[in-house]
Structure formats: structure tokens, C-alpha cells
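Note sheet for the following structure.
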Amino acid sequence: MSQIDIVIDNMTFTAEKGSLLIDLLIKHDLKVPYFCYHEALGADGNCRMCMVEIEGQKRPQIACDTLIKEEMVVRTKGENIDGVRRDILELELINHPIDCPVCDQAGECKLQDFYMDYGLYESNIKQSDKVHHRKHIDLGSSVILDQERCVLCARCTRFTSDITKTHELGIIGRGDHACVSTMPGKKLDNPYAMNIVDLCPVGALTSKDFRFQQRVWFLTSSPSICHGCAKGCNIFIDHNREKYKDETIYRFRPRENQQVNGFFICDEGRLSYKKLQDNRQLDMILNGKSCEEAEALEAYRNLLEAGSGKIVILADANLYTEELEMIQIYAQKLGATLSSPMVSDLDDAFADEWLKSSQRASNAKAIEKLGIMTDLPDEKIALLINFNHPNTVSIDAERVISFRTNQQKEPADLILPLAVFSESSGTLTNEDGIEQYCPKVITRNDPAPTVIEWMIRCQEEVE
Amino acid sequence: MKACQIVSRKFHIDQSYRLETAKEHGAYNTLKEAFALSPVEIIKTIKESGLRGKGGGGAPAGAKWMLMPQDDERSSYLAVNCDESEPGTFKDREIISKDPHLLIEGIIITCYAIKSHDAYIYIRGEYYQFQKILQEAIDEAYTAGILGERVRGEAYRMDITIHRGAGAYICGEKSALLESMEGKRGHPRLKPKQKEPEWYFGNPTLVNNVETIASIPYIIKHGAEGYREFGTERSPGTLLFAMSGHVETPGIYEAEFGTPMFDYINYYGGGIRNGKKLKAVIPGGASTAVLTADEVACATLDYEHMRVVGSALGTGGMIVMDEDTDMVEALKNLLEFYHHESCGQCTPCREGTGWSDTILQRVLDGRGSSEDIDKLLELASIMDGKTICVFAPAVAIVIRSFIGKFRDEFEAKVTA
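So the protein sequences, as listed, match chains A and B. If you read the first sequence in the numbering used here, its first letter stands for residue 773, the second for the next number, and so on. If you read the second sequence in the numbering used here, its first letter stands for residue 132, the second for the next number, and so on.
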């Protein structure tokens, strides 16, 4: 394949000969409307929205089925082509319910966007003439279908047939009675099912978890990395701080990264945002009672000094590399043994051959690189300092200091709250050795300190 | 009227669908001649005969056969299109019910020419009775050693399988037919970027209409020149023209291309029913532009002349309408059909067919306005040329021709 120059809207672009025209248009942000095309699913050619004019062709052509050729001259705008798009959009809309005010997709709906770009006409069809379909169908896997809002782009059916190969969804019926459906009595049931909510360009497929929780235009999307397993899928964290309330995460969405996760994430990772908010450890607890920071730090110092004997530090393999390094230095200073037992992190029931890794700890590779031991020390322990590691049950220690993001049953002499990953920043190394930076996204009204902040505070006390 | 019996030769014979009777009248006689020729020679003969596909498009059959690779490690297939669903068209079922062995003979020769050993006959689900007759004929052919491991003792395996459709008009479109045969939804495929055969599970496949395949034995027997004795220079041969509607004797009559339409209607159809006057004819199945009586008077039944009068020969299934016909009702009948049969893949067709049907219903209910008629024409231009297959453009042609030629009748409905 060779690189060639083609002309689009009087500008010259270089592209690979034989590649898809629509990819070039998307890459250079040249406005072209489309519903059915998706880079992960390829061209289907059913929505007919991505029409462009190509010199020498008497009819407008769909960009998603046009291969780039030498000396191609393309027009994406102008009275004629705008008219064609407007006409086809009008047909998309004639049977669409007029329910934008109560539709959860409003604000991130392609029909709305394209109507603002190309439509802006009065409706030509009477409400009573519209074709009606079923609404609020629980497809399974937390996905709700509204057949009336569907534009039949077949992205969801192609996702289940071509990507997950689970084939739960199909289009039944013909003409304007066609609609997306599962087989009678069957449910949408696969670990990636909720990706079809993102794929759906309109309000036909919505997430049971997210719908009606928040209007999308209030949300801020911040890039992050999923901590659900060692795959390190790239995500957006959609969050908002409502008036008089705390910053809240409403959903995770996949963020494209061809080296890691492509376009998708698994449902379990998607819903793992709840762990960042539910059941959080926010108080400092000394001997079972809430205490102030000064009291806690004093207790911390006392516990360190009182213990004569072995100190063991446990570190969660989900902590950022920078945090682990800091803990490693701290352990050396205390003469403590640092460990991050991996036993509980391997989960073969979770794993598959795509995006779900059996290594559930998101930064396990960094533990390996830093040379942190992963065995459980079997000698008698005087003091255990645990940085959010979940495996404490089998360790017998005289005294325990526990830094926790979430509340746990295990007792400890001193419990100190810890920031979750979205409230901190740092680097993760995924199972393939790819290092990814994860910025701080959430600032709570009353923030829990990060590992590094705790280290500074505790060491000030020590010195 | 020149008598021609290229495919209808055994139609009048009692029990001609039975192998014994068919053989008495020369069935399978051309197989020996065909196997004496090389596949390339057969394709050359078909190309020279000028045989055109008889499913409606009228594309040259020889050129299509030449797209099939002669040396390919993949298997080749033949799919015989018997999804005859075009309103006004009922010729293929006549071949199947009256001379199925002619079709089988044609299939064997065609498969030999394209180096295929497996043929599928895609028959519309509603043709249950015809399918039974066809299956019995195939079974008889297997028993007689005409089909199976060795075709009549030749070292050539040949298997024919009937595939019943589930009653979708769109499955008559060749790529939708193959999608359906692959067990998927019958949706037309995106058009290829260059000339190439069709693909069945990724294997090169030839799709031809029943009548096209049934014409092959005659061409092999009489040669390209023998076939060219009928028809015109550019539309050689004959077609089983079907005639329905307001004529005295509707039915199927084989006629050569170039026959004047008016003569055909009067000679075979016995003129307009009850001595009425002719108003219009839809010439080639529903999806061709309607012709007024004046246009019918100067039309001849071949691909080129039908284009000159602004329509198309299509499948040759004529729907004749007399002076009492309500053209608005007639269009409504057709739009209901298209509304029901649009596969729903492309937006303009899926929504356009339904909406135009809804608008016309409003006109018929007396709730319409002049703008509705213009809206129908506008919808026709939105649907035209923007879809994957030619379904929507055909609807556009129908709407434009009905309103264009009989607008006064539509206006009368909205002003009444």
C-alpha cells in the first residue's frame, strides 16, 4: 500500500491508498455525520448518513464504503450534500419519539447533534402517524432497550455477533417495523454487554446503572486507568460535584487505546467505580473509637516505638508505583520486612482471553519490578503496618496499623483512612509491561490522605 | 405471432413434470453434447447467444458466467433464484410445475460450465406445492442416475439442494439471497468495488434466474445462432411473459423479444376484459414505470425499446389495467407491498416506504392535500440512488410514474 494525496473540500490530505475515506474524515475532524460506522465494527452502510460528493460520480456516495483512490476529489459540504443528509436525517426522525426532555441520552445523542447540524426543520409527520414499538425492555446485563428510539444502525447486534461472538442480539421484523431484540426468553448475557450502551449513538440502549442519575452535560470526563485487573484498560471517569454535595463519580466509560484495550472495557471494570465511593473508610479509628489526626499520629508513633521485635509492612499491589517506592524506602528506614502477597490476587474465574486478566491487582508488575517479596512472612510479628492490602486474615501480629480506603471487618489498633486511586495520582504498569500514568481526578470536600501524604506526616512525627 | 417454445415446449404435455414423460419428449438429451464440450466452450456459446438474465435486470448471462474463476482451489456454487416475489410475475413457477427436468438439465450444464458440483435452488417459501413437485423431480433424477456421483455415467458429481425461503421479497436480490442461504437475515450486501462473482460462504458463486438456466439446454442443442433466430439483435431469444389483470385470458405465454406489446395483449390476452378500454400497463413486474395506453401502443417487448418509452422490461410480468381502474388505489396497493417488504436495512427505504404508504392512506381517507402529493414526489427523490440495493429506487420509479402520468386522479382525491 502506498501513500497518496487526495483533495477534500479544496484541501490536500495524504492517506493510504485503498483505506476507508470515512477514517480519513474522522482522523482530520472533517465533519461527517454517521450512525452505523464504528472503527471497531467496520462499515455496514445502513444509515446512509455519511454521504459525500466525489467528483466523477453522478450520485453521492457513502464515505464508509468508499476506498481512497488516486486523484480523488471529495466534497463534504455544500448545499447539495447538506440537503441529502438533511433528507435522510428527516427519515431517521419521522418515527422517532419526541421525548428528548425525558431521554437519558439527551446531550450525547447523535440524532440531536445532527439535527442541530443539518436539520432544524418543522416536523412533517403527525404524532398519530408514527410507528410505535416497545419501550423499556430489560435486555439483561443492566441494559435497557427502547425500540422506538432506535435508528437500527446495528452497532449493538454487530458487537454481539462480531466482537463477543455471543449472538444474543438481532434485528427482527422488516421495514419500519424492524427492531432490535433478543431471542424470545433469552437475555443479553456476556461480560462485555454494557459496551453496547456506549456504542448506541442514540437513546435506544441505556445503562440501568447510570440512567436518570445525572444529566450528561453536568458531567466532567477525566481520563484514568481502570484498577479492576492488571490489564490497565483506559477509561474516562465521568464525575460531577452537585451544589452542596461532594464530588461524585457517576460512571466509567472506555477510552480508546489500541495498545491496551482498543475501544472497550468489561462490565465488571465499568461498575467498579462504586468501590471508590461505597463503604469508604473516612474516619481515623484508635482502639475502636474515632479520633483526631494529632491523636492518631501520636498513637502511630507510640505503636512504632513500643514494639520491640519484627515489623512487617504489607502493600496493596493496586497502589501506584511511586507510592510503592515510597513505602519501600520507609520499610528500609524502619528495618521492616515489606511484602505484597499475591495469593489472593489470582482469579481464574474472572479471566478470559480478551480484556480480563487473572491477575486482579492492577500494579502487580511494579511489585515484581521493585523486587518486593510476595510471600507471607511466617515469623512472629510485633507490628503489622498494612497499606490497604486485603490479605490480613492469616497474619498473626501483636499490634496492627491499617491504612484503608474502604471499611473492613479485620480489627486493628489504629485505622487510618486512605485515598482511592481516583483521588491520587501515579503510574501503573500493566501485565504487558506498559506504563500508564493515572492523574488525580476527584477532590473530596474532606479528602482522605494519599499514601505519600501519610508518609510525610508520619515521618515528621518519627523524626 | 411467431410461435416460440424455448422453455415452454413441454408445458402443454400431460404430466410433463414426471421424468418418464419428460424423457419421451427429449429431456436430458443435450447432456451428452454438453459434456463433449469443454466448460470454456459452453461459456463461449452462451456469450455468443446473447442470453440475458431473465430475473428482471436483463444483464448478459455469458458475461456473468465469465466472472466465475475456472481455476480456483475454492469450490464454486450455483444458486438458482426462484424467489419469484415480484408482483405480477409468475413465470418461474410455471417452469417448475410443468417442466422441472428442463431446469435440472440446465443446472447440470451450467454447473459443468462453471466447474461447480453443487447447486442450490432458492425457492420462495410460499411456493410449497411447486417445491414439492421440484423435489420429486430431483428425487427421480437421483434415482435415474442423472444426479449424484456420476451424471449419466460421466465422471462428474452433481448435487442439487432446494433451499426454501421464508417469504421475503428482498431475498430475490442476489446478495440477500446468499445471505439468507448462509442462514443470516436477508439483507443485500454492499456492492463490490470491481466486477466479481457473488460469494457463498466466501466461495465464488453464480446466481441466475430459473428461466435463464432453463434456456441453456436449447442453446446447447441449437447453438448460439439457433437462439438468435428469436428476438432482436440486442435482446435475443424469448421470454415467458406473464400477463395478469383486466384481460380476457390472463396467463403465461412465451414470446420473442421485440413483439409489440399491444399485439401481445390482444393476441394472447384476448384484449381488454368486457370490451373495456385500456388505461395503463405495468410492463415488467411491479417495480417498473407504469405505461399509459398511448405508450403501450408504441412499446415493443424488449429491453431497449422499453427504456425508450421510459420504463423497463423487468421480469416481463405485465399488469394490465382497464379504464375503470383507480390509479390512486393501484399505487396504494403497490406501496403497501413495498412498505411490507422493505428489508429495513437502509434508512431511506426503511422509513421512506412506510411514510409514503402513510401519506397515500391519508389521501385516500380524504384527509390529504396537494402538498401530500408533492411530498410523495419528494420522498421518491430522497429514496432514489441512496441505498444499498435497487429496492428504493424502484419505489421511486413507481411513485414518479403513477403521479407523473395520472396526477389529475390524485388531485381529484385531495380536492374532493
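For each residue, glycine too, the CB sits at the ideal point set by N, CA and C.
Option in the options with minimal Cα separation from residue i
{"i": "Y890 (chain A)", "options": "A:Q1104, A:S914, A:K1047, A:L865", "result": "A:L865"}
{"i": "R847 (chain A)", "options": "A:D981, A:M783, A:D885", "result": "A:M783"}
{"i": "L1272 (chain A)", "options": "A:M844, A:D885, A:T1199, A:G850", "result": "Because chain A is modelled from 773 through 1235, residue 1272 (chain A) falls outside the range shown and cannot be assessed."}
{"i": "S1044 (chain A)", "options": "A:S996, A:Q1031, A:N1029", "result": "A:S996"}
{"i": "C549 (chain B)", "options": "A:L941, A:G942, A:R946", "result": "The first residue shown for chain B is 132 and the last is 547, placing residue 549 (chain B) beyond what the model contains."}
{"i": "E342 (chain B)", "options": "B:P231, B:S147, B:L508, B:D503", "result": "B:P231"}
{"i": "A511 (chain B)", "options": "B:V138, B:I530, B:I519, B:C520", "result": "B:I530"}
{"i": "I277 (chain B)", "options": "B:L234, B:K263, B:A461, B:E304", "result": "B:L234"}
{"i": "A878 (chain A)", "options": "A:T954, A:D934, A:P1189, A:L977", "result": "A:L977"}
{"i": "E172 (chain B)", "options": "B:Y243, B:V211, B:G441", "result": "B:Y243"}
{"i": "P1162 (chain A)", "options": "A:F982, A:G1034, A:F1175, A:P963", "result": "A:F1175"}
{"i": "K522 (chain B)", "options": "B:Y273, B:R404, B:G475, B:T176", "result": "The sequence as given places Phe at residue 522 (chain B); Lys does not occur at that position. Taking only the C-alpha atoms, the option nearest F522 (chain B) is B:G475."}
{"i": "A1103 (chain A)", "options": "A:A1138, A:N1158, A:Q775", "result": "A:N1158"}
{"i": "F221 (chain B)", "options": "B:G406, B:V412, B:G187, B:K544", "result": "B:G187"}
{"i": "N464 (chain B)", "options": "B:Y159, B:S487, B:S442", "result": "B:S487"}
{"i": "P1189 (chain A)", "options": "A:E1064, A:E1094, A:L792", "result": "A:E1064"}
{"i": "V338 (chain B)", "options": "B:M132, B:L162, B:A194", "result": "B:A194"}
{"i": "N1059 (chain A)", "options": "A:Q1049, A:L1075, A:L1048, A:N1051", "result": "A:L1075"}
{"i": "I1083 (chain A)", "options": "A:A812, A:V1172, A:R987", "result": "A:V1172"}
{"i": "F1024 (chain A)", "options": "A:V969, A:C922, A:S1129, A:V824", "result": "A:V969"}
{"i": "H868 (chain A)", "options": "A:S774, A:E920, A:T1020", "result": "A:E920"}
Residue i: contacting residues in chain A (beta-carbon distance under 7 Å)
{"i": "T489 (chain B)", "result": "D901"}
Contact list for residue i against chain A, beta-carbon separation under 8 Å
{"i": "T518 (chain B)", "result": "R820"}
{"i": "K506 (chain B)", "result": "N896"}
{"i": "A299 (chain B)", "result": "R946"}
{"i": "K548 (chain B)", "result": "Nothing can be reported for residue 548 (chain B), as the shown portion of chain B is limited to 132 through 547."}
For residue i: DSSP bridge partner residues
{"i": "D290 (chain B)", "result": "B:D249"}
{"i": "S993 (chain A)", "result": "A:D1010"}
{"i": "Q775 (chain A)", "result": "A:E788"}
{"i": "R1237 (chain A)", "result": "Lying before the first or after the last residue shown, residue 1237 (chain A) is absent from chain A, which here runs from 773 to 1235."}
{"i": "N962 (chain A)", "result": "N962 (chain A) pairs with nothing; no bridge assigned."}
{"i": "V846 (chain A)", "result": "A:I780, A:I826"}
{"i": "C819 (chain A)", "result": "Answer by DSSP bridge pairing: none, since C819 (chain A) is not bridged."}
{"i": "S207 (chain B)", "result": "B:S247"}
{"i": "E304 (chain B)", "result": "The partner list for E304 (chain B) (beta bridge, DSSP) is empty, contrary to what the question assumes."}
Beta-carbon neighbours of residue i, restricted to chain B and to distances below 7 Å
{"i": "I798 (chain A)", "result": "In chain order: nothing, as chain B lies at least about 19 Å away."}
{"i": "G817 (chain A)", "result": "L321, I519"}
Closer than 9 Å at the beta carbon, the chain B residues around residue i
{"i": "P832 (chain A)", "result": "G516, K517"}
{"i": "L924 (chain A)", "result": "G475, Q476, T478, R481"}
9 Å Cβ cut-off: residues of chain A touching residue i
{"i": "I534 (chain B)", "result": "Neighbours of I534 (chain B) on chain A: none; closest Cβ ~18 Å, over 9 Å."}
{"i": "I513 (chain B)", "result": "V856, D859, I860, E862, L863"}
Beta carbon proximity, residue i to chain E, threshold 8 Å
{"i": "N464 (chain B)", "result": "Structure shown: chain E not included; protein chains present are A and B."}
Under 7 Å (Cβ pairs) to chain A, residues found in the segment 308-321 of chain B: Those residues of the segment 308-321 of chain B placed with their C-beta closer than 7 Å to a C-beta in chain A are R316, L321, ordered along the chain.
Contact between the segment 983-992 of chain A and the segment 1104-1116 of chain A (3+ Cβ pairs under 8 Å): The segment 983-992 of chain A, when compared against the segment 1104-1116 of chain A, does not touch it at the 8 Å Cβ threshold.
Any 3 or more C-beta pairs closer than 8 Å across the segment 1189-1199 of chain A and the segment 1210-1217 of chain A: The segment 1189-1199 of chain A, when compared against the segment 1210-1217 of chain A, does touch it at the 8 Å Cβ threshold.
Interface positions of the segment 463-486 of chain B facing chain A (Cβ-Cβ less than 9 Å), listed along the chain: Of all residues in the segment 463-486 of chain B, Y469, H470, H471, E472, S473, C474, G475, Q476, C477, T478, P479, C480, R481, E482, G483, T484, G485, W486 have a Cβ within less than 9 Å of some Cβ in chain A.
Inter-stretch contact (C-beta, 8 Å, three-pair minimum) for the segment 794-809 of chain A and the segment 826-841 of chain A: Touching, yes.
Any 3 or more C-beta pairs closer than 8 Å across the segment 252-262 of chain B and the segment 296-304 of chain B: Taking 8 Å as the limit for Cβ pairs, the verdict is that the segment 296-304 of chain B does touch the segment 252-262 of chain B.
Validate contact between the segment 808-827 of chain A and the segment 471-483 of chain B using beta carbons, cut 8 Å, 3 pairs: Remark: three or more beta-carbon pairs, one from each stretch, lie closer than 8 Å, so the segment 808-827 of chain A and the segment 471-483 of chain B are flagged as touching.
Positions along the segment 1073-1090 of chain A whose CB lies within less than 9 Å of some CB in chain B: The residues in question: there are none.
Contacting positions in the segment 942-973 of chain A - beta carbon closer than 8 Å to chain B: Closer than 8 Å at the C-beta level to chain B, one finds these residues of the segment 942-973 of chain A: G942, I943, G945, R946, G947, D948, H949, A950.
The segment 173-181 of chain B / the segment 137-157 of chain B touching (three or more Cβ pairs under 8 Å): Result no; under three Cβ-Cβ pairs closer than 8 Å.
Near-chain B residues of the segment 854-884 of chain A - C-beta to any C-beta below 9 Å: Flagged, chain order: V856, D859, I860, L861, E862, L863, E864, L865, I866, N867.
Near-chain B residues of the segment 786-797 of chain A (beta-carbon distance less than 9 Å), N- to C-terminal order: With the criterion set as a beta carbon lying under 9 Å from some beta carbon of chain B, the segment 786-797 of chain A has no members that meet it.
The segment 327-344 of chain B / the segment 303-318 of chain B touching (three or more Cβ pairs under 8 Å): Output reads yes: the segment 303-318 of chain B touches the segment 327-344 of chain B.
At least 3 beta-carbon pairs within less than 8 Å: the segment 365-376 of chain B vs the segment 439-456 of chain B: In short, these stretches touch, since the Cβ pair count reaches three.
Segment contact flag, the segment 383-394 of chain B with the segment 363-372 of chain B, C-beta cutoff 8 Å, min 3 pairs: In short, these stretches touch, since the Cβ pair count reaches three.
Segment contact, 8 Å Cβ cut-off, at least three pairs: the segment 1136-1156 of chain A with the segment 1218-1226 of chain A: Touching, no.
The segment 415-423 of chain B in contact with the segment 217-232 of chain B per 3-pair CB rule at 8 Å: Segments in contact, yes.
Three-pair Cβ contact test at 8 Å for the segment 1223-1232 of chain A versus the segment 136-152 of chain B: For the pair of segments examined, the segment 1223-1232 of chain A was found not to touch the segment 136-152 of chain B: the number of CB pairs separated by less than 8 Å stays below three.
Sufficient close CB pairs (3 or more, under 8 Å) joining the segment 487-505 of chain B to the segment 268-288 of chain B: In short, these stretches do not touch, since the Cβ pair count stays below three.
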